[in-house]
Structures are given as C-alpha cells and as structure tokens.
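Heads up, the final residue of the sequence shown is numbered 218 in full-length UniProt numbering, and it's a clean run with no missing numbers. Each residue gets a CB set at the ideal place from its N, CA and C atoms; glycine is no exception.
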Amino acid sequence: MSKPNAVMTTSSPFKLSAPSGTDIWRKPPSHNAFNAPTYPANLESHPLKSFSRARLTFTLPPSSQLRQYDQAGLLLHFTKPGLPANQTKWIKTGIEFYLGKPYIATVGCDTWADWSLAPGPEGDVVGATIEAKREEDVLGRSLWVYWIVRDGEGKEVERRPLREVNWAFTGEMEDGWSVGVGAYVARPTKVEGDESGGKERELVAEFGEGVEIEVLDS
Numbered sequence: 001m002s003k004p005n006a007v008m009t010t011s012s013p014f015k016l017s018a019p020s021g022t023d024i025w026r027k028p029p030s031h032n033a034f035n036a037p038t039y040p041a042n043l044e045s046h047p048l049k050s051f052s053r054a055r056l057t058f059t060l061p062p063s064s065q066l067r068q069y070d071q072a073g074l075l076l077h078f079t080k081p082g083l084p085a086n087q088t089k090w091i092k093t094g095i096e097f098y099l100g101k102p103y104i105a106t107v108g109c110d111t112w113a114d115w116s117l118a119p120g121p122e123g124d125v126v127g128a129t130i131e132a133k134r135e136e137d138v139l140g141r142s143l144w145v146y147w148i149v150r151d152g153e154g155k156e157v158e159r160r161p162l163r164e165v166n167w168a169f170t171g172e173m174e175d176g177w178s179v180g181v182g183a184y185v186a187r188p189t190k191v192e193g194d195e196s197g198g199k200e201r202e203l204v205a206e207f208g209e210g211v212e213i214e215v216l217d218s
C-alpha cells in the first residue's frame with residue numbers, strides 16, 4: 001500500500017539482454033565488476049532520503065537454456081557526488097542460476113559484496129516478483145527485500161522476506177546520497193564460441209510489468 005505522501009511511477013514493459021562477461025560483483029582483494037546492462041541505461045536517480053520502495057516482475061528463459069550465474073532482477077545503486085566508482089554501494093536482488101537451479105538471490109555491497117540464496121521458483125517458468133522497501137521498527141530504519149509469491153492466476157499469496165539491509169538508510173547515507181533504481185540482467189559465465197557474438201548467445205529477460213518506483217513527496 002502506498003503512503004499518503006508518496007508518488008509512484010511505473011515504466012512500460014520491456015526486455016533486457018546481456019552478453020557473456022557481464023556482472024555486478026565486488027570481491028576482495030580487487031575485483032570490481034559493474035558492466036551489466038540496466039533499464040533504463042542511465043538509472044533514474046532519487047535522493048536517498050525520499051526512496052520508499054521499488055518492485056518489478058520478470059521472467060528468464062527455461063532452466064535448460066541458462067548458464068551458471070545467469071541472473072536478472074532489481075538494482076539499487078547508491079551514489080554521491082565526487083565518489084569514485086569503486087566506492088559506490090549497491091543492492092541487487094532477483095533470480096540467479098546456480099548449480100543447476102534457479103535461486104532467489106540478494107547481494108548487498110557496502111565496502112565489499114556479500115551474497116545470499118533462497119530456494120527459487122519451481123516449475124517451467126523461471127521468474128519472480130521482487131520488492132525492496134524502506135521500513136522502520138523500534139530499533140530504526142532498514143531496507144527489506146521481499147519475494148512476492150503469486151499463484152497461477154497472478155494473485156499475490158505471500159510476501160516472503162529475504163533480507164534486511166541495515167546500512168541503507170543510516171544518517172550518513174541519507175546525507176547527500178542518491179539511489180538509482182532499475183532492472184538489470186547479467187551473464188557472467190563465458191563459454192567457447194562467445195567471442196563470435198550473436199544475439200543467440202545473450203541472456204534475455206522480460207520485465208512484463210515494468211519497474212514500479214515509489215518515492216516520498218518532499
């Protein structure tokens with residue numbers, strides 16, 4: 001449910017594709033990849049203090065067509081004027097194909113990235129609805145990530161909590177930081193023949209309900 005002082009926007013449905021060798025991942029001592037295609041290409045940016053929530057629904061090809069680490073979902077990219085690219089922060093959450101199965105994966109990157117997996121969707125359709133939402137309890141503010149589970153008719157039947165991120169809305173973060181919000185697709189794994197190119201070697205995800213973003217009206 002939207003807040004009384006919130007403004008919500010929803011993009012049109014779209015498809016997004018990624019060639020091999022694309023990823024969003026930062027691991028010590030020095031690996032820092034941020035070359036995955038996003039939609040929009042230049043993420044729509046909002047003052048972090050105004051961010052309320054974001055949601056999207058997407059589908060990937062069947063498991064038989066997926067590679068290790070193929071992934072797609074929602075991206076929040078936290079930036080600040082003058083901040084070097086290797087010091088920005090981000091959260092990505094969606095589906096990642098790992099060890100022959102689709103998992104619901106969430107990665108939070110403060111200084112370095114971490115990674116968590118939850119059992120993903122079963123059946124022929126590899127897809128999910130994901131939501132990231134600002135929340136507050138007696139201890140303070142945080143960002144919660146949910147998997148919105150739907151039945152065969154598309155009706156929401158469960159909001160399954162996946163991850164609480166506690167660094168996203170600290171006083172330091174809300175002082176001058178912005179957040180870019182959008183969709184992403186990545187295909188980190190390369191296989192023989194990728195160098196020859198061709199659309200058939202790209203990972204394509206379909207975002208059938210666009211990207212829904214809610215910000216607080218200042």
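Backbone secondary structure at residue i - three-state DSSP
i           : result
L83         : coil
L139        : coil
Q68         : coil
G208        : coil
G171        : helix
S12         : coil
E195        : helix
residue 268 : The structure shown does not extend to residue 268, since the chain is modelled only from 1 through 218, so no value can be given for it.
K155        : coil
S45         : strand
S30         : coil
Buried versus exposed call for residue i [16 or more other C-beta atoms within 10 Å across all chains shown]
i    : result
W25  : buried
G123 : exposed
G171 : exposed
V138 : exposed
L56  : buried
G152 : exposed
V149 : exposed
A113 : buried
Rounded Cβ spacing between residue i and residue j (contact assumed at less than 8 Å)
i    : j    : result
A18  : A6   : At roughly 31 Å, the Cβ-Cβ gap does not stay under 8 Å, so A18 and A6 are not in contact.
K89  : E174 : Contact doesn't hold; Cβ gap of about 13 Å is too wide.
F58  : G108 : About 20 Å separates the two Cβ atoms, so there is no contact after all.
A180 : L43  : One detail in the question is off: residue 180 reads as Gly in this sequence, not Ala. So it is a contact: roughly 3 Å between Cβ atoms.
F97  : Q68  : 7 Å
E135 : W144 : 5 Å
Straight-line gap, residue i to residue j (C-alpha atoms, nearest Å)
i    : j    : result
A54  : D194 : 34 Å
K155 : S12  : 20 Å
G176 : D217 : 17 Å
S178 : P102 : 31 Å
L74  : I213 : 11 Å
S45  : A118 : 29 Å
F78  : S63  : 32 Å
P121 : P28  : 31 Å
A105 : T93  : 6 Å
P81  : E209 : 32 Å
T10  : S52  : 14 Å
M8   : V215 : 7 Å
A41  : V204 : 15 Å
P47  : F169 : 11 Å
E192 : V211 : 34 Å
Residues of its chain near residue i, where Cβ-Cβ distance is below 6 Å and the 5 sequence neighbours each way are ignored
i   : result
Y39 : F14, L16, G182, A183
Cβ shell of residue i (< 7 Å), same chain only, five flanking positions each side left out
i    : result
K190 : S20, G21
D110 : K89, W167
A186 : A18, T22, D23, I24, A36, Q71
E206 : K15, F58, T59
S142 : E135, E164, V165, N166, A168, F169
Proximity test, Cβ basis, 8 Å: residue i and chain D
i   : result
T38 : Protein chains in the displayed structure number just one, and chain D is not present.
Close beta carbons around residue i, own chain, < 8 Å, minus the five adjacent residues each side
i           : result
G100        : S63
residue 219 : Lying outside 1 to 218, the shown extent of the chain, residue 219 is not represented and no answer is given.
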